[in-house]
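Shown next, in structure tokens, is the structure this report addresses.
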Amino acid sequence: METLNYLNDGHGLASWLLTKDHKRIAILYLISITGFFAIGGFFAMLVRLELLTPAGDLLSAETYNKVFTMHGVVMVFFFLIPSIPAVLGNFMVPIMIGAKDLAFPRINLLSWYIYILGGLFTLTAALSGGVDTGWTFYTPYSTAAANSHVITAALGIFITGFSSILTGLNFIVTIHRMRAPGMTWFRLPLFIWAHYATSLIMILGTPVVAITILMVAAERALHLGIFDPALGGDPVLFQHLFWFYSHPAVYIMILPAMGVVSEIIQAFSRKNIFGYSFIAFSSLAIAVIGFLVWGHHLFVAGQSVYAGMLFSILSFVVAIPSAIKVFNWTATIYKGSVSFDSPMLYAAGFIGLFTIGGLTGLFLAAMGLDIHVHDTYFVVAHFHYIMVGGAIMGYLGGLHYWWPKITGRLYSEPWARVAAVIVFIGFNLTFFPQFVAGYLGMPRRYHAYPPEFQVLNVLSSAGASILAVGYLIPFTYFAYSLFKGEKADNDPWGARGLEWEIPSPPPTENFTVSPIVTEGTHQYVHPSQEAKLA
Amino acid sequence: MSAGHVAPKSLYYSVFLALLIGTALTVAVAFVDLGAMNNVAMLTIACVKALLVILFFMHVRWGTRLTWVVVASGFFWLLILFSQTMSDFATRGWIAGTLK
Amino acid sequence: MLKGHAEHFPGSIHQPPLASNVDAIQPGVHIEHPHHPKLQHHFDDMGQQAEASTLGMWVFLVTEIMFFGGLFMAYLLYRWQSPAAFQEASAHLSIGWGGFNTAVLIFSSLTMALAVRAAQTSESSRTQVGWILITMFLGVVFLGVKAIEYTEKFRDHIVPGPYFDATKWEHPAGVEMFYSLYFCMTGLHALHMIIGLGIMTWLAIMASKRTFNAEYYTPVEVAGLYWHFVDIVWIFLFPLLYLIGRHYHHG
């Protein structure tokens, strides 16, 4: 008889669509987020195809504008921001703190439905002709000149914002109030600290972009011209309000991945994290300081030079907690007993690629340099190194690491390693040439470019096709594992943490008896020490 | 679960009265020319009224420290938005030739 | 290193050791234990549930602070940039209606606080429902006044957009901007009031069924927090919109 777990506890569509189980909701998110990733990837493919040749010959300028806009909107709002928190966070947060579920299970389900509704609005905007404002919706173009699908897209993003807010709200209350007895703050896994910090950003930042995007829709639909220059409205105000959220948003995208990396490198170095409290406090520092730097997106927008100086200095400061993390991760791996299973490949890739992305961010934080590279491919490469080389690698690493726990099945490790390497190679080939192209002056968001940039663009597009292959391979072995994979037991990796002490897949209520925690979860024992303890 | 702190009705009536007085005061002060102090007075009265509602009607006076921190951080974050955005608009033109 | 069988690690981080063998999990068996019918099973006790719910509403209210905050930011900037225009526009609003509405909302906060207190002290459902209904009535009065004010604006061609009558004003652009903000801010506030009335309706129905008492009154408390927040927003909206530079005009 098959053992009862959350997957077979209740059958039929209704038991999934009306579930209150955080684990099932995580699966619902997993499926929908994968769908949106495919859509965003499709738009990326169109971009890279167009840019194979200098002439704008595949797509008209207007269509190209719509394509990169939809790529950005879908990837940012419907893939990157929810990905780790809504899938891995939803699944793991209650288990890691020893709780039976999140504080508000029905609100959790509601957040998924809101996400889907927002997605439908945005896809409607795309299918009825698309929006060409860029994912940044700058006024006055978005309010006065662009097509009317702006309203639909804006509403879609507005609605989805509430999904983010509710997820963050749920995590904050859960982490404060639902920890098992003995699970003090400094015994929490770093994955939890990362999600707590992320949730703070979701709560404090998302509402501002929500009202801003609503104002854009109101200006179009109701003639309430808050950004209308004819009424004295200031487009730079829009930029301030937009980036007040959208800069911290990038920390929503990266902090959870950092949490995943902290978990993975401990497990696969068989060593406790070096500098636990430094990493924990760094997560909070990134969340807080991240709210103070948004003006670095406005350096050439007409912003005051003095304000620019302030934002510039703060942008340098915000790099420090991230650097602290990189140093601590490196110190953790040093003299560890390292095994390069696929999760570790992704985590190691993260550390290297995130470092490059972060360092190039400092280029952009310097006002003088930013004047040269603003709106060039340098910026595009910078944020893709963080978002793709960082966040997506973190997501894939976490997906691999916890796949046995989530599904109760083992996937093909050899194929996973092959895919990870292909992703790494494809990623670098895609985006490194873009640093060069940008520095040499190729502007972003152009469908045609001077011929001297063609070689770099061809390299980039070639890399993109390799990257695409690397992303497709996991589909195959993950799907295969669901049907033919070897069954996993509680702890196939030999890792530590409450999630590894319950069955794979977990029972619906996670724990039959509430665990009483007596020490920190990260109690790895180096193999050389194991003999002494046995 | 035992009931949280139960405030006496008289406290609620007092707060209510204070809020009404505050409203009358803010209207009255608006008609007196205090120059720049008009804005200060108006905001102060509004903040005091809001504080009364938060502390007594919303029970934060007898709430946990966490509740305090949550409320305070909400308003603090608003101040970040206001001050850093105004730091741009208010300092335009401080460097000669850069005023748009 | 990926393998199907777990190794034994010394020193489990918790005790008692969790059942990792599947026999311990009995499918379909709910062990009967006495608990309040409103206790949701992922909580340990009513106290934890109440604390979580209250904290959750406060976190939500923080998002509301930031949500309205974006509009206040726009207001702050444009008033600072166009003080004369804002003054001219504000003078056209009726202090009578605005002041009356402020008093109405403050009164409704009192009645809401008394409704929470009634539940807290296990007063009769009639008393509880009574206070909730009075609160709702005051909310409707508020919205009625707003409807009157909005109608006047439409009638006088003060609503921004194609029908805005620019000829009436000394600073038409700034005045139209003020009223764009006026309609956005008071409109958003009114929307929150309407949602609040919906919440109150549900609350009144629950209260009439004797759901709330000293042991369980969290929904009333949490609804109260929302209602008071909407009141606080108006406490700021009233002077910022209605009382700009009144000392330059008379009445």
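Residue numbers (this note's numbering), protein chains in the order written: chain A, 45 to 578; chain B, -10 to 89; chain C, 29 to 279. For every residue, glycine included, the Cβ atom is placed at its ideal position computed from N, Cα and C.
**OP:** Determine the direct distance from the alpha carbon of F312(A) to that of G438(A), and round the result to whole angstroms.
**Re:** Residue numbering aside, residue 438(A) sits at position 394 when the first sequence is read from its first letter. Residue numbering aside, residue 312(A) sits at position 268 when the first sequence is read from its first letter. The straight-line gap from Cα to Cα measures roughly 15 Å.
Original post:
Which residue comes first and which comes last in the alpha helix (DSSP H) that contains I517(A)?
Top reply: Position 473 of the first sequence holds residue 517(A). That run of the alpha helix (DSSP H) goes 498 to 528.
Original post:
What distance in whole Å lies between the Cβ atoms of S155(A) and S207(A), which are believed to be in contact at a cut-off of 8 Å?
Top reply: Along the first sequence, one-based indexing puts residue 207(A) at 163. Along the first sequence, one-based indexing puts residue 155(A) at 111. Correct: roughly 4 Å between the Cβ atoms.
Original post:
Where W237(A) and A293(A) are concerned, what is the direct C-alpha to C-alpha distance, given to the nearest angstrom?
Top reply: Reading the first sequence from its first residue, position 193 is the one you call residue 237(A). Reading the first sequence from its first residue, position 249 is the one you call residue 293(A). About 17 Å.
Original post:
So who's on the other strand from P111(C), going by DSSP bridges?
Top reply: Within the third sequence, residue 111(C) is the residue found at index 83, counting from 1. Under DSSP, no beta-bridge partner is assigned to P111(C).
Original post:
Which residue or residues does DSSP assign as beta-bridge partners of N241(C)?
Top reply: Taking the first residue of the third sequence as position 1, residue 241(C) is located at position 213. Assignment of beta-bridge partners to N241(C) by DSSP yields Y244(C).
Original post:
Over what stretch of residues does the alpha helix (DSSP H) that includes D414(A) continue unbroken?
Top reply: Within the first sequence, numbered from 1, the residue matching residue 414(A) stands at position 370. Per DSSP, D414(A) belongs to the alpha helix (DSSP H) from 411 to 417.
Subject >> Where W447(A) falls, given that 16 or more other Cβ within 10 Å makes a residue buried >> reply: Here residue 447(A) is taken as the residue at index 403 of the first sequence, counted from 1. Around the beta-carbon of W447(A), 16 or more other beta-carbon atoms lie within 10 Å, marking it buried.
Original post:
Expressed to the nearest angstrom, what Euclidean distance is found between the alpha-carbon atoms of T399(A) and V499(A)?
Top reply: Here the question's residue 399(A) lines up with position 355 in the first sequence. Here the question's residue 499(A) lines up with position 455 in the first sequence. So the alpha carbons of these two residues sit roughly 26 Å apart.
Subject >> Reduced DSSP category for V187(C) - H, G, I as helix; E, B as strand; rest coil >> reply: Within the third sequence, residue 187(C) is the residue found at index 159, counting from 1. In the structure shown, the three-state DSSP call for V187(C) is coil.
Original post:
Taking Cβ positions only, does D77(B) come closer than 7 Å to chain C?
Top reply: If you number the second sequence from 1, residue 77(B) lands on position 88. No, no contact with chain C.
Original post:
Is there at least one Cβ from chain B nearer than 7 Å to F114(C)'s Cβ?
Top reply: Mapped onto the third sequence, residue 114(C) falls at position 86. Not closer than 7 Å to any Cβ of chain B, the Cβ of F114(C) fails to qualify, so no.
Subject >> Whether V175(A) touches A147(A) by CB criterion (7 Å) >> reply: The residue labelled residue 175(A) in the question sits at position 131 within the first sequence. The residue labelled residue 147(A) in the question sits at position 103 within the first sequence. No, they are not a contact pair.
Subject >> Range covered by the alpha helix (DSSP H) that runs through V59(B) >> reply: In the second sequence, the residue the question calls residue 59(B) occupies position 70. Looking at the DSSP string, the run of the alpha helix (DSSP H) that includes V59(B) is 54 to 78.
**OP:** Identify the continuous alpha helix (DSSP H) that holds M228(C) and give its terminal residues.
**Re:** Here residue 228(C) refers to the residue found at position 200 of the third sequence. For M228(C), the enclosing alpha helix (DSSP H) has its first and last residue at 200 to 236.
Subject >> T56(B) at chain C interface by Cβ criterion, 7 Å >> reply: As a working mapping, residue 56(B) is identified with position 67 in the second sequence. Judged by the 7 Å Cβ criterion, T56(B) is in contact with chain C.
Subject >> Status (buried if at least 16 other CB within 10 Å, exposed otherwise) for A435(A) >> reply: If you number the first sequence from 1, residue 435(A) lands on position 391. Result: buried.
**OP:** Taking C-beta pairs closer than 8 Å, name the residues in chain B that S243(A) reaches, listed in chain order.
**Re:** Position 199 of the first sequence, counted from the start, is the residue given in the question as residue 243(A). By Cβ distance, chain B contributes nothing, its closest Cβ being about 12 Å from S243(A), past 8 Å.
Original post:
Where does the unbroken alpha helix (DSSP H) through E263(A) begin, and where does it stop?
Top reply: To locate residue 263(A), count along the first sequence from 1; it is residue 219. Bounds of the alpha helix (DSSP H) holding E263(A) are 234 to 266.
Original post:
Per DSSP, R231(A) is paired with what?
Top reply: In the first sequence, the residue the question calls residue 231(A) occupies position 187. Residue pairing of R231(A) in beta bridges, as defined by DSSP: absent, with no partner found.
**OP:** Throw me the rounded Cβ distance for the A331(A) and I245(A) pair, which I believe falls under 8 Å.
**Re:** Working through the first sequence from its first residue, we reach residue 331(A) at position 287. Working through the first sequence from its first residue, we reach residue 245(A) at position 201. Between I245(A) and A331(A) the Cβ distance is about 5 Å, and since that is below 8 Å, they are a contact.
Original post:
Relative to the alpha-carbon of R92(A), which residue among G538(A), L503(A), I158(A), V561(A) has its alpha-carbon at the smallest distance?
Top reply: The residue labelled residue 92(A) in the question sits at position 48 within the first sequence. Relative to R92(A), the option among G538(A), L503(A), I158(A), V561(A) whose CA is nearest is L503(A).
Original post:
W83(B) touches chain A at which residues, Cβ-Cβ below 9 Å?
Top reply: Within the second sequence, numbered from 1, the residue matching residue 83(B) stands at position 94. By Cβ distance, chain A contributes S348, V349, Y350.
Subject >> Cβ-based contacts, 9 Å cut-off: residues of the stretch 11 to 31 of chain B near chain A >> reply: Under the 9 Å Cβ criterion, the stretch 11 to 31 of chain B contributes no residue.
Subject >> L44(B) at chain C interface by Cβ criterion, 7 Å >> reply: Translated into the one-based positions of the second sequence, residue 44(B) becomes position 55. Closer than 7 Å to the CB of L44(B) there is not a single CB belonging to chain C.
Subject >> Neighbour-count burial assignment, T91(C), 16 or more Cβ in a 10 Å radius >> reply: Here residue 91(C) is taken as the residue at index 63 of the third sequence, counted from 1. Counting of Cβ neighbours within 10 angstroms places T91(C) among the buried residues, the total reaching 16 or more.
Original post:
Do you know offhand how far T214(C)'s Cα is from I223(C)'s?
Top reply: Numbered from its first residue, the third sequence carries residue 214(C) at position 186. Numbered from its first residue, the third sequence carries residue 223(C) at position 195. Approximately 14 Å between the Cα atoms of the pair.
Subject >> Residues that R453(A) bridges to, as DSSP identifies them >> reply: Indexing the first sequence from 1 puts residue 453(A) at position 409. Paired residues: K531(A).
Original post:
Buried or exposed: where does G442(A) fall if 16 or more other Cβ atoms within 10 Å of its Cβ makes it buried?
Top reply: Mapped onto the first sequence, residue 442(A) falls at position 398. Here G442(A) is buried, its C-beta having at least 16 other C-beta atoms within 10 Å.
Original post:
Between F555(A), V361(A), N534(A), which lies nearest to K144(A) when the distance is taken from Cα to Cα?
Top reply: The residue given as residue 144(A) occupies position 100 in the first sequence. The shortest Cα separation from K144(A) among F555(A), V361(A), N534(A) belongs to F555(A).
Original post:
Closest to Y244(C) by CA distance: which of Y103(C), L121(C), Q148(C) is it?
Top reply: Taking the first residue of the third sequence as position 1, residue 244(C) is located at position 216. Comparing Cα-Cα distances from Y244(C) to each of Y103(C), L121(C), Q148(C), the minimum goes to Q148(C).
Subject >> Inter-residue Cα distance where the pair is H341(A) and W287(A) >> reply: Counting from one through the first sequence, the residue named residue 341(A) turns up at place 297. Counting from one through the first sequence, the residue named residue 287(A) turns up at place 243. Spanning the two alpha carbons is a distance of roughly 7 Å.
Original post:
Got a sec, what are the start and stop residues for the alpha helix (DSSP H) E94(A) sits in?
Top reply: Translated into positions along the first sequence, residue 94(A) becomes position 50. From DSSP, the alpha helix (DSSP H) with E94(A) extends over 66 to 94.
Original post:
What in chain C is Cβ-close to A66(B), meaning under 7 Å?
Top reply: The residue you call residue 66(B) lines up with position 77 of the second sequence. First, the amino acid is wrong: residue 66(B) is Trp here, not Ala. Under a criterion of Cβ atoms nearer than 7 Å, the residues of chain C adjacent to W66(B) are, in order, M94.
**OP:** Report yes if the CB atom of M94(C) is closer than 7 Å to the CB atom of P251(A), and no otherwise.
**Re:** Within the third sequence, residue 94(C) is the residue found at index 66, counting from 1. Within the first sequence, residue 251(A) is the residue found at index 207, counting from 1. Yes, the Cβ-Cβ distance between M94(C) and P251(A) is below 7 Å.
**OP:** Compare the C-beta of T53(B) with all C-beta atoms of chain A and state if any pair is closer than 7 Å.
**Re:** Start at 1 with the first residue of the second sequence, and residue 53(B) comes out as number 64. With 7 Å as the cut-off, T53(B) does not count as an interface residue toward chain A.
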